[in-house]
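In what follows, a structure is listed as C-alpha cells, so that the remarks can point back to it.
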Amino acid sequence: IIAAHGYLYCTPHSHLNIWYTCFLYPLYCSLVDLVLLVCVFKKSLLLCSIFEYVCVFSLTLPEKGDFLALDLGGTNFRVLLVKVSDNGKQKVEMENQIYAIPEELMRGSGEELFDHIAECLANFMEKLGIKNQKLPLGFTFSFPCQQTKLDESILVSWTKGFKSHGVEGRDVVSLLRKAIIKRGDFDIDIVSVINDTVGTMMTCGYDDHHCEIGLIVGTGTNACYMEEMRHLELVEGDEGRMCVNMEWGAFGDDGALDDLRTDFDQEIDAGSLNPGKQLFEKMISGMYMGELVRLILVKMAKEDMVFQGHITPDLVTNGQLQTSFVSAIENDKDKEGLVSTEKMLRGLGLDPSVEDCVATRRVCQVVSTRAAHLCAATLAAVLRQIRDNKAAERLRTTIGVDGSVYKYHPQFARRLHKMVRRLVPDCDVRFLRSEDGSGKGAAMVTAVAFRLAIQHAERQRILDALRLNQEQLLDVKRRMGEEMNRGLAKESHDQATVKMLPTFVRSMPDGTESGEFLALDLGGTNFRVLLVRVRRGKRRSVEMHNKIYSIPQEAMQGTGEELFDHIVHCIADFLEYMGMKGASLPLGFTFSFPCHQSKLDQGILLKWTKGFKATGCEGEDVVTLLKDAIYRREEFDLDVVAVVNDTVGTMMTCGYEDPLCEVGLIVGTGTNVCYMEEMQNMELLDGSEGKMCVNMEWGAFGDHGELDDFSTDFDKAVDEHSANPGKQTYEKMISGMYLGEIVRNVLLEFTTKGLLFRGKLSERLKTRGIFETKFLSQIESDRLALRQVRSILQHLGLTSSTCDDSILVKEVCSVVACRAAQLCGAGLAAVVDKIRQNRNLPELKITVGVDGTLYKLHPHFSNFMHETVSDLAPQCKVTFIQSEDGSGKGAALITAVACRIRDAGQR
1 IIAAHGYLYC TPHSHLNIWY TCFLYPLYCS LVDLVLLVCV FKKSLLLCSI FEYVCVFSLT
61 LPEKGDFLAL DLGGTNFRVL LVKVSDNGKQ KVEMENQIYA IPEELMRGSG EELFDHIAEC
121 LANFMEKLGI KNQKLPLGFT FSFPCQQTKL DESILVSWTK GFKSHGVEGR DVVSLLRKAI
181 IKRGDFDIDI VSVINDTVGT MMTCGYDDHH CEIGLIVGTG TNACYMEEMR HLELVEGDEG
241 RMCVNMEWGA FGDDGALDDL RTDFDQEIDA GSLNPGKQLF EKMISGMYMG ELVRLILVKM
301 AKEDMVFQGH ITPDLVTNGQ LQTSFVSAIE NDKDKEGLVS TEKMLRGLGL DPSVEDCVAT
361 RRVCQVVSTR AAHLCAATLA AVLRQIRDNK AAERLRTTIG VDGSVYKYHP QFARRLHKMV
421 RRLVPDCDVR FLRSEDGSGK GAAMVTAVAF RLAIQHAERQ RILDALRLNQ EQLLDVKRRM
481 GEEMNRGLAK ESHDQATVKM LPTFVRSMPD GTESGEFLAL DLGGTNFRVL LVRVRRGKRR
541 SVEMHNKIYS IPQEAMQGTG EELFDHIVHC IADFLEYMGM KGASLPLGFT FSFPCHQSKL
601 DQGILLKWTK GFKATGCEGE DVVTLLKDAI YRREEFDLDV VAVVNDTVGT MMTCGYEDPL
661 CEVGLIVGTG TNVCYMEEMQ NMELLDGSEG KMCVNMEWGA FGDHGELDDF STDFDKAVDE
721 HSANPGKQTY EKMISGMYLG EIVRNVLLEF TTKGLLFRGK LSERLKTRGI FETKFLSQIE
781 SDRLALRQVR SILQHLGLTS STCDDSILVK EVCSVVACRA AQLCGAGLAA VVDKIRQNRN
841 LPELKITVGV DGTLYKLHPH FSNFMHETVS DLAPQCKVTF IQSEDGSGKG AALITAVACR
901 IRDAGQR
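Numbering (the numbering used here), first residue to last: 1 to 907.
Written out as C-alpha cells, the structure reads:
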C-alpha cells in the first residue's frame, strides 16, 4: 500500500523509513482521495458558497500615468510607485520599499494599524518627492473581504496572524482614508482595492494574455480565476467574464475536508487565533506548515520514535519550527538537507542522530507533499471549470503564481505541477511566477479603473443635463400654470404657447344614451374605424367593433385631398366589412392635432404634428374636408356630429366608468391633455355658467423659450432635424416619437468621446430614427437580460458591444425616460392644482384617464410620472386609470351625448 502511493524510496535507513511512513500514513493523500477532492471542490465552485466577487477590467487598452500601490498581506507590506508609459509600446517602471508591521500592531487596534500604514505611505512619498501630488492608489489587501464595488472592501475576517480589533465588518478603504485625512500632510485617490491573488493574476496577465488564474501559496493561500458572468447570479449582467476571488482558504469550514484532516490538523486549528476557520489554509500554507512538522515530531518523540524520547522546551513551544526551516531541510542535495536538519534540531536543544535527521526530513517531505497535492486538487477543479465554460476538448491556460512557499520551497512547485498534470491531463498549463509581486497588478487595475472613473465622471456630467431635481420640476409646474392662464385669457391667448382650446364638450355621459354610432380615430400613422353600440338602462353597456388601417407615408405628406380620400376609402371598406354598406350613421371624429373649434362639429386645423405634412389642410375645417371626400366617393353619407381630440375621447371613455374622471392624458406618439375648466375662466367664449372641456395642446409649451433652461444639446439636435423645427418643444422632450432619437444622440456623444462602444460608431447608429422608442421599453424591462439588450444593439450594427456597453445604454434609456415622465408629471401637477384652486378646495380627489403606448408599455414611465404628480401637487389625491378602449370609444360617446342633447332640444 505504501509503495503504491509512490512516497517510499530506498535509503540506507529503509527499515526506519517504513516505520515512519506507517506512522505518517494518515497524512498521505491517495490519487483516489485527490480525484474525489477535485469533484467536491468543483461542486463548491458551482454553488459559489465560499467566494467573494471582484470586478477586474481588461488591460487591452493602453494606460499611462503614475500610480501608487500598497501591498498588504503579511507581516511586511510594500509601497510602490508604478510608472506606466505608452510610447507605441507600453512600458512599466517600478520603485518600491518594504515596511514591517510590528507584532503589537497586528494584534492591537485597527486605528493604530492604519495610522502606521499611512505613516509609511507618507515616508515613501516624501523620499520620492511626490508628497504634494494627489496620485491614484491601488490597495492590495490580502484578507477575506466582501466587495460590491472596486473601491470598497468589507473585511470578513482576519487571517495570517492578524487580530487588529475594530476592523472586521468595516470598509478597509474608509479606514485608510480616515488615517490619511487625520495626518493632513498628503492626499491620494484610492481607486481600487483587490486581493493579492487578483494582483498576481493581473501582473502575470500583463506579460501572458493566457493568464486567467492567480494562485498564492505563502504565509496564507488563495486563488482567483476568470469566471463567466452568466454563472455569477449575485452580479448583474450575463456577458463577458469577471474575476472571482475564491477565498479558498475557508474551504472545508463546512466539514468538506473532515475525511482528510488528521489529529495534527485539529491540534493546529485548536491552537490558532481563529479555530474552525480557514481549515484548508491551515493544511497548505506557510504559516502552518512548520508548526505541523513540529507537532508531528513532538508526537513521535513521545512515542520514543525519535530523539530517544527526549523532548526539549523549545520543541514544545509554538512557532519555534518555521516553514523556512522546512524549505532548508528539503534541499535537493541530501547532504545539505541533512546538515540543515541537524542544525535546526540542535537549535531546538536536541542532540539528533542521523536517523533522527532522516526521520525529520521525511516528516517535512510528507507534510509539504500533502500541501502541494491538496493545492493541485483544488487547482484541477478550477481548470475543469474553465475548460467546461469554454466547452473545449483541451484547455490551454496560464496560472500566475506568487508566495514564499511556492517560490522558495525546493520541491513544492515541482510536486504541484506534476500532480496538476496528472489530475487534468486534458489541460496544458503554464505556471508563471510573479516576479513583481501583486503590487504591479494592483497598479495596473488602478490604471484601468482610474481611466474608467474619469470616463464615468464624464458620462455622468453629460447625463446630469438630463436629470431634473424637485426645484426644477416645481419651476416647470409654475411655468405651465402661467401659460395655461395666458391661453385662457383673451388678451394673451394669441401669444400663449398652451392654447387652451374650447372643445364644446360640456357634458359627460349620464347613462341614458343609446344607439349605433361610427367613430373615426386619427392621430398617428395608423387610424381606426369603429362601430359603437351604446345600450342604456339595466343593460347599460358599450359594444365595439373596429378595424385598424395604416396611412402611407405619401398620404401623410402629400395633398390633403389624397389624405382624406384615403380615409373615406377605409370607412367604405369598414362599412362593407360590417355588412352596413350605404348606411348613414352619426359619426364622431377623433382628430388628434391642434385645432380651433367654434362649435362641436367643426375643427380648424392650426398645424400638423407627429410627422404629418399634407398640404391644403392647415387653416381648414377638417369636418368639411372629410365631408367633401365622402361626397366625391358618392357611396354613402355620414352625419358628422362631433370632432374631438384624442385626449377628450380618452377622458370621456374613462369618465363613462368613473364619474370623478375630469382629465384626459395622452402619452404615446405625441402628448396632450384636456380637462374640465370653469366657463367663467374661458374668456374666449360667452357665458360663465358650468364647465367645458379644454384641449390644452400642451405639446407646444416651451415654443417661446419657457423650457430653454431645461433643453439640452440633444433636444436641440432632435428639434433641428424634425419635421417642424421650433415647434412642439414640450412634446419633443416627452413623447414616444422623439425619446428614441434623444437616446440615439446621447449614444453618439458618448461614442465620439470614446465613452461607449470603444469609440467605434456604426453606420446604422448614425441614421436618424433608427433607435425606436420601443427599444427604450424593451431595454428597461426588468425581465430583459443584458444579453437581450446586446441583441438590440447588434440590430443597430453594434456587433462588438460588451456587457458594460449594455449597462450604459440601459442607463441612458432610463435617464431619458425618467426625465420625460417627470416633465409630464410636472405639467399634470399644474393641471390638477389649477382644478383644485378653481374650486377653492383644500384637497381635491380626481381621476385622470390615460392612453398612449409610452404610458402603457414602458415599464417605469407611469411610476415616475405618478411619483412626480404626488410630490408636486400634494393637496391633490390623483387616481390614474388606463383607457383600455382608446379614444375612439370616447368619440362615439361624445357623439351619443350630443345626439341625446340634440334630440332633447328638438323635442
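All C-beta atoms, glycine included, are put in the ideal place defined by N, C-alpha and C.
Leaving out the 5 sequence neighbours to the left and right, which residues in its chain are closer than 6 Å to residue i when beta-carbon positions are compared?
i	result
Ser735	Gly670 and Thr671
Val405	Val217, Gly218, Gly286 and Phe412
Gly138	Ala69, Ser192, Ala442, Ala443, Val445 and Thr446
Leu80	Ala69, Met94, Asn96 and Gly439
Ala891	Ala519, Gly588, Thr590, Val644 and Gly649
Ala118	Ala179, Ile180 and Arg183
Gly205	Cys211
Val306	Met300, Asp356 and Ala359
With DSSP collapsed to three states, give me the class of residue i.
i	result
Tyr28	coil
Lys845	strand
Leu297	helix
Lys889	helix
Asn546	strand
Ala873	coil
Gly276	coil
Met676	strand
Ser164	coil
Lys856	helix
Phe757	helix
Val306	coil
Cys55	Note on Cys55: pLDDT 42, under 50, position unreliable in the model; no value is reported.
Met692	strand
Phe574	helix
Leu765	coil
Gln266	helix
Ile666	strand
Ser324	helix
Val850	strand
Leu432	strand
Ile792	helix
Arg839	coil
Check the DSSP bridge columns for residue i and list the partner residues they point to.
i	result
Ile98	Arg78
Asp621	Ile604
Lys149	Glu152
Glu93	Lys83
Met226	Cys243
Gly138	Ala69 and Ser192
Phe864	Answer is none; Phe864 lacks a bridge partner.
Asn526	Ser550
Cys211	Thr398
Ala519	Leu530 and Gly588
By Cβ distance, which residues of its chain are closer than 8 Å to residue i, with the 5 residues on each side in sequence left out?
i	result
Glu780	Lys810, Cys813, Ser814, Ala817, His858, Pro859 and His860
Glu618	Leu605, Leu606, Lys607 and Trp608
Met692	Pro502, Thr503, Phe504, Val505, Arg506, Met676, Glu677, Met679, Met682 and Leu685
Please check the pair residue i and residue j, which I expect to be a contact at CB under 8 Å, by giving their CB distance rounded to whole angstroms.
i	j	result
Val38	Ala377	5 Å
Asp715	Ile742	7 Å
Gly664	Met651	3 Å
Asp189	Pro136	5 Å
Leu600	Phe504	4 Å
Ala642	Ala898	5 Å
If I measure Cβ to Cβ from residue i and keep anything under 7 Å in the same chain, skipping five residues before and after, which residues do I get?
i	result
Gln365	Glu330
Asp33	Leu260
Gly888	Ala519, Asp521, Arg528, Leu530, Asn546, Thr590 and Gly649
Leu474	Leu872
Gln728	Thr609, Gly699 and Ala700
Between residue i and the ligand ADP, is there a pair consisting of the residue's CB and a ligand heavy atom that are separated by less than 7 Å?
i	result
Phe593	The ligand ADP is not part of the structure shown, which contains no ligands of any sort.
Which ranges would you report for the alpha helix (DSSP H) in the stretch 363-417 if only whole runs of at least 4 residues count? 404-408
What ranges does the alpha helix (DSSP H) occupy inside the stretch 445-502, keeping only unbroken runs of at least 4 residues that lie completely in it? If one requires a minimum length of 4 residues, the alpha helix (DSSP H) runs lying completely within the stretch 445-502 are 470-488, in chain order.
Go through the stretch 607-663 residue by residue and report every complete run of the alpha helix (DSSP H) that reaches 4 residues or more, in order. 622-633 and 646-657
In chain order, which continuous runs of the beta strand (DSSP E) of length 3 or greater are located wholly inside the stretch 717-750? none
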